[in-house]
Amino acid sequence: MGDKDLPQVLKRWIVEELELPARDLPPDSYFRTLCLGQGADIWKYITRHVYNEGLTRSCNLPACWSYISPPVDGDSAVARRRALTREIEELRAELVELDAQIEQSQAELCSDDRAVGQCWDHCSEARRRRVLLQAMGVRCAQERHSLWQDRRRISGHCQALAELARKAEVELVFGDPSDSSTDSLGSTGPEPQALREVRELCEDRLQFFWTLLESELKAAPLSGVHLSQEERSAVFQRWLSSVEDLMRTHPPSHLLAALQHLASRQQGALQEKLEQLDLSRDVAALGFRYESDHLLDLSKETAAPLPSVRLLLQEAWETVERCQVQLAAMRAQDRQQSALLQARKSEAFQAACAGDAQVEPLLRAALELELQLAMETALRDSLQRQGEALEQGARSRKEALLALQAKRQNIMDFRQLVDRKQEQIRSLIKGNSTAKSELSRVHAEVRRFVQEKLQRHQGAVEREAGALHSAVSQEVRQAAGVSLDELDRRLLDGVQRVPARKLSVHRLDCPALRRVSDGLGFALYKAPEQLMPLAVSMQLELRFLRRLLQLHTTCMQHRDQQVALLPAQDMEAMLQRVRTEDQARVRDLLPRVRLLSQRSAQCLGYGAEVKRAISHWWEQPGQFVLPDQRRGGLTLQQWLERWRLAAKGLQ
Numbered sequence: 004m005g006d007k008d009l010p011q012v013l014k015r016w017i018v019e020e021l022e023l024p025a026r027d028l029p030p031d032s033y034f035r036t037l038c039l040g041q042g043a044d045i046w047k048y049i050t051r052h053v054y055n056e057g058l059t060r061s062c063n064l065p066a067c068w069s070y071i072s073p074p075v076d077g078d079s080a081v082a083r084r085r086a087l088t089r090e091i092e093e094l095r096a097e098l099v100e101l102d103a104q105i106e107q108s109q110a111e112l113c114s115d116d117r118a119v120g121q122c123w124d125h126c127s128e129a130r131r132r133r134v135l136l137q138a139m140g141v142r143c144a145q146e147r148h149s150l151w152q153d154r155r156r157i158s159g160h161c162q163a164l165a166e167l168a169r170k171a172e173v174e175l176v177f178g179d180p181s182d183s184s185t186d187s188l189g190s191t192g193p194e195p196q197a198l199r200e201v202r203e204l205c206e207d208r209l210q211f212f213w214t215l216l217e218s219e220l221k222a223a224p225l226s227g228v229h230l231s232q233e234e235r236s237a238v239f240q241r242w243l244s245s246v247e248d249l250m251r252t253h254p255p256s257h258l259l260a261a262l263q264h265l266a267s268r269q270q271g272a273l274q275e276k277l278e279q280l281d282l283s284r285d286v287a288a289l290g291f292r293y294e295s296d297h298l299l300d301l302s303k304e305t306a307a308p309l310p311s312v313r314l315l316l317q318e319a320w321e322t323v324e325r326c327q328v329q330l331a332a333m334r335a336q337d338r339q340q341s342a343l344l345q346a347r348k349s350e351a352f353q354a355a356c357a358g359d360a361q362v363e364p365l366l367r368a369a370l371e372l373e374l375q376l377a378m379e380t381a382l383r384d385s386l387q388r389q390g391e392a393l394e395q396g397a398r399s400r401k402e403a404l405l406a407l408q409a410k411r412q413n414i415m416d417f418r419q420l421v422d423r424k425q426e427q428i429r430s431l432i433k434g435n436s437t438a439k440s441e442l443s444r445v446h447a448e449v450r451r452f453v454q455e456k457l458q459r460h461q462g463a464v465e466r467e468a469g470a471l472h473s474a475v476s477q478e479v480r481q482a483a484g485v486s487l488d489e490l491d492r493r494l495l496d497g498v499q500r501v502p503a504r505k506l507s508v509h510r511l512d513c514p515a516l517r518r519v520s521d522g523l524g525f526a527l528y529k530a531p532e533q534l535m536p537l538a539v540s541m542q543l544e545l546r547f548l549r550r551l552l553q554l555h556t557t558c559m560q561h562r563d564q565q566v567a568l569l570p571a572q573d574m575e576a577m578l579q580r581v582r583t584e585d586q587a588r589v590r591d592l593l594p595r596v597r598l599l600s601q602r603s604a605q606c607l608g609y610g611a612e613v614k615r616a617i618s619h620w621w622e623q624p625g626q627f628v629l630p631d632q633r634r635g636g637l638t639l640q641q642w643l644e645r646w647r648l649a650a651k652g653l654q
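Below, the structure written as structure tokens:
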């Protein structure tokens, strides 16, 4: 059973247990009043235990009343009943009045809650508006900064254009285009800087293209340095940066004139090389003839056709084989003759030993054999010499063949080189013509663009830049004079816009607070609780200035004493110097001391009004609805306590 159902349970228990009619019972509000507070537990216990145990049924109502009052007769019972009825009516009236008061208090609490909610909404709106104003201020500062940067960039661009226009008025002299020398000093003077930089950029570009061509042809670079893809990208970006710097530092007319001068110089150099080049003479000197885009060998027309290398090698090998076979046969015959001679010698020696008659024919035969051996030896030597001569001839012919092959390869390489050079010359001539026409077209387009676009808008751009500068300066001056309090307004009743400072709990529109703030130089957007620290700091500064004044007075007295002790001859000079120093100090310090004294006196005069205004603000009920707000790490009550301690310390 809950507390909400207790009045109904109590009413039902009275009807059932006490046997009272329902129409004679008091209203439900009376039972709710009985069940408030500690009475709820008491009636809950009675309704549970008395109802369940049936104690009420065991005793009658008159017996219960006998414990309360002594027995009376019938008239007294009627009078008592009437008195009880009147008391019941009075109690009902009091209950109705209490219910009305409770309802009125609840209505007041609801209205107070609504007022607090509205105040909180106003505070939240003020906070949001303050944040919006701060954001708007930051946005204005950013836009002002961006406008200032744009103006500075435009002014820098205008200055650069003016500098280029001033440089464009100077006419450059590049000298004779036919002179292809790269010396800095010519017939008319030093080389212009624009021409030198343009030539360097063109040379870098040509070197870059030559490197790309070598990488595409997979040829060894002439410089011995191979560039990777990243290095090529870096070189290209550096070249683009150099071109941009050149475009910013030199006018377009000078650059176009320099390009035309370089083109004419290159064209003259190519023309000289073409005049000096005689392909027919050079090809004829090499033994060839150039006819219908082909090279013809003149040696084939004047001499018999040379045998092939294979045929020459076969003949040489056959000759060498014959010589080797003959040499082997002669060596075998020589060995046979040597063996036969040795046998004959031994036989002759034996015959000589046998008899002298038989020695002479044997000696003659031995002599003949020796002569034949000498002849065979001479023949063998001649054959060896012939073999060596044949080997030498074959070697010389092989060397001549290799030389002819190398010469033929050189001629073919020279032919390819001549074809490549001719193709390069044609491409250079075509590229030169294309570049010259492109330069002329670009020069005309640049001149037309400058005349049609830039010069036409130059005055408008200058006027617009001046107007923007004036507008920014005017907005800055106007923004300095605009009050943020006047911008922060609230819309009341859908029509009226009231400044938020008039609706603030700080009572910034209080005349006394405004006079005190004006006297102390205190900004209105700051919290009023900062007035006391400001007054204390100004009072300390006043004390410090008074101390300085006292020290100054003491120093003056000490100076007078020291002056009195000086000799008579230096008195006038010292007095004059002292007067000068005194006048300077009075002129520098006295106005400031007077101003500070006046402000301090004015602040002290406004002290009572400040205390009254601030105490009035602290006593407002709005301060108790902000318990969770912190400023400077302290809550409102902590600031109040600090304020009281500071006020007590000042007193």
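In my numbering, the protein residues as written are 4 to 654.
Quick reminder that beta carbons are idealized off the backbone N, C-alpha and C, glycines included.
| query | result |
| --- | --- |
| What residues in its chain sit with their C-beta under 8 Å from that of Ile157, if we drop five residues either side in the sequence? | Val464 and Ala468 |
| Alpha carbon to alpha carbon, what distance is there between Leu9 and Leu516? | 58 Å |
| With Leu386 and Gln329 assumed to form a contact (beta carbons below 8 Å), what rounded beta-carbon distance in angstroms separates them? | 6 Å |
| Count Cβ pairs between the region 227–241 and the region 404–422 that sit closer than 8 Å; are there 3 or more? | no |
| Which word fits Pro195, buried or exposed, when buried means at least 16 other C-beta atoms lie within 10 angstroms of its C-beta? | buried |
| Spatial neighbours of Thr185 within its chain, please: CB distance less than 6 Å, with the 5 preceding and 5 following residues excluded, ordered by chain position. | Bear in mind that a pLDDT of 47 at Thr185, under 50, signals an unreliable position, so the model cannot answer this. |
| Who are the near neighbours of Leu552 in its chain, counting only those whose CB is closer than 7 Å to its CB and skipping five residues on each side? | Val596 |
| Can you tell which of Ala25, Thr88, Ser79 and Leu98 has the C-alpha that lies nearest to the C-alpha of Ser32? | Leu98 |
| Is the beta carbon of Arg347 less than 8 Å from the beta carbon of Leu372? | yes |
| Need the endpoints of the alpha helix (DSSP H) that Val453 sits in, please. | Here Val453 belongs to no alpha helix (DSSP H), and DSSP marks it neither H nor E. |
| Using 8 Å as the cut-off, can you tell me whether the region 544–559 makes contact with the region 591–605, which would need three or more C-beta pairs spanning the two stretches below that distance? | yes |
| Let me know the secondary structure DSSP gives Val501 once reduced to three states. | strand |
| Kindly provide the ranges of any beta strand (DSSP E) runs that are 3 or more residues long and lie completely inside the region 125–179, ordered along the chain. | none |
| Going by beta-carbon coordinates alone, are Ser256 and Ala171 separated by less than 8 Å? | yes |
| Determine, using beta carbons only, whether His52 comes closer than 8 Å to chain B. | Among the protein chains of the structure shown there is no chain B, as only one such chain exists. |
| Quick one, are the C-beta atoms of Arg95 and Pro24 less than 8 Å apart? | no |
| So, for Ser667: in the same chain, excluding its five sequence neighbours on each side, which residues have a beta-carbon less than 7 Å away from its beta-carbon? | Nothing can be reported for residue 667: it is not among the residues displayed for the chain, which extend from 4 to 654. |
| With DSSP run on the structure shown, which of helix, strand or coil describes Leu9? | helix |
| Quick one: what does DSSP say Pro193 is sitting in, helix, strand or coil? | strand |
| Going by DSSP, name the residue or residues bridged to Leu494. | Arg500 |
| According to DSSP, what are the bridge partners of Arg383? | According to DSSP, which records beta bridges pairwise, Arg383 is partnered with nothing at all. |
| Rank Val501, Leu150 and Gly390 by C-alpha distance to the C-alpha of Cys326 and give the top, closest one. | Gly390 |
| For Arg633, which three-state DSSP category applies? | coil |
| Comparing C-alpha positions only, which one of Gln579, Val475 and Gln263 sits nearest to Ser149? | Val475 |
| Quick one: grab the DSSP three-state call for Lys433. | helix |
| Could you give the distance in angstroms between the alpha-carbon of Gln640 and the alpha-carbon of Leu13? | 48 Å |
| Going by CA-CA distance only, name the one from Glu200, Arg208, Gln533 and Arg493 that's closest to Met250. | Glu200 |
| Let's test the definition: count the other Cβ atoms within 10 Å of the Cβ of Asp76 and tell me whether it reaches 16, buried, or not, exposed. | Unreliable positioning characterises Asp76 in this predicted model, as indicated by a pLDDT of 49, which lies under 50. The coordinate reading is nonetheless provided below. The residue in question, Asp76, is exposed, as its Cβ has fewer than 16 Cβ neighbours within 10 Å. |
| Given a cut-off of 8 Å on the beta-carbon distance, is the pair Cys606 and Ala526 in contact? | no |
| Count the other CB atoms within 10 Å of the CB of Pro254; is the residue buried (16 or more) or exposed (fewer)? | buried |
| So Tyr33 is in the alpha helix (DSSP H); what residue range does that whole segment cover? | Asp31 to Leu37 |
| Grouping DSSP H, G and I as helix and E and B as strand, with all else coil, what is Phe239? | helix |
| At a cut of 8 Å, does the region 100–111 reach the region 439–449 through at least three beta carbon pairs? | no |
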